[in-house]
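FYI, the UniProt record's numbering numbers position 16 of the sequence shown as 16, with every residue one higher than the one before it.
Here is the structure we will look at.
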Amino acid sequence: MESTSLPNKIQASEDTANLLRQFPEFIVEERGEFDVKGKGKMKTYWIVGTNT
């Protein structure tokens, strides 16, 4: 997934985003669907920061 990310951004899978959403201090934003090498189309998310 690193190849579809942008510099200085943290990209995460849907599973990771769902896990982080259980912790209110994390800010997660949907990025969209991308072709990920070896995985096919995946919905990806940005981990934007924290609320602390």
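The beta-carbon is built from N, C-alpha and C at its ideal position, and this holds for glycine as well.
Express the C-alpha separation of Phe34 and Gly40 in angstroms, rounding to a whole number. Here residue 40 corresponds to residue number 40 of the sequence shown, with the count starting at 1. Here residue 34 corresponds to residue number 34 of the sequence shown, with the count starting at 1. One C-alpha to the other measures close to 8 Å.
Span separating the alpha-carbon of Gly49 from that of Lys43: Residue mapping note: residue 49 aligns to position 49 of the sequence shown, counting from 1. Residue mapping note: residue 43 aligns to position 43 of the sequence shown, counting from 1. Each residue's Cα considered, the two are about 19 Å apart.
Which two residues bound the contiguous alpha helix (DSSP H) that contains Thr52? Position 52 of the sequence shown, counted from the start, is the residue given in the question as residue 52. For Thr52, there is no enclosing alpha helix (DSSP H), as DSSP marks it with neither H nor E.
Quickly, what does DSSP pair Glu30 with across the bridge? List them, please. If you number the sequence shown from 1, residue 30 lands on position 30. Per DSSP, Tyr45.
Report all residues from its chain with a CB closer than 6 Å to the CB of Ser5; omit the five preceding and five following residues, and keep chain order. In the sequence shown, residue 5 corresponds to position 5, counting from 1. In chain order, Gln11 place their CB closer than 6 Å to the CB of Ser5, counting only its own chain and leaving out the 5 sequence neighbours on each side.
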